[in-house]
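A quick write-up on the structure given underneath.
Numbering (UniProt numbering), first residue to last: 1 to 97.
Pasting the structure below:
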């Protein structure tokens, strides 16, 4: 991978992390944002259950224009913030965004 692609990917990951934090703050105030970090565990650290994760994905799709497949949550192993960032990044690339 060349340095331009690495920089674009890192920049994209930062934007995705910011979109996640913004969406949590505005729509899921019960999430523990004091512990928000790339390595934060969605359930244990941020207090997100499966329904809250689904709500987060819906808001990310609607408000930030992210492409999220309908089957996104089924069978996904999204344990940490960066797991979610990596999958969101992959879904955007697959959708050509």
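Ideal Cβ positions, reconstructed from N, Cα and C, are used throughout, including at glycine.
The model shown is predicted, which means the values in this text are computed figures rather than measured ones.
Between residue 35 and residue 49, the CB-CB gap reaches or exceeds 7 Å. A direct Cα-Cα distance of roughly 17 Å separates residue 29 from residue 17. Rounded to whole angstroms, the Cβ separation of residue 13 and residue 85 is 5 Å, and the two are in contact under 8 Å. Taking 7 Å as the cut-off, the Cβ atoms of residue 31 and residue 47 count as close. Nearest neighbour of residue 15 by Cα position, chosen from 72, 70, 60, 53, turns out to be 60. Within the UniProt domain "Carrier" (10 to 92), complete alpha helix (DSSP H) segments of at least 4 residues are found at 50 to 64, given in chain order. Sequence-distant partners of residue 68 (beyond 5 residues in either direction) whose C-beta falls short of 7 Å from its own C-beta, in its chain, are 57, 60, 61, 91. Closest in C-alpha terms to residue 23, from the list 54, 71, 96, 72, comes 54.
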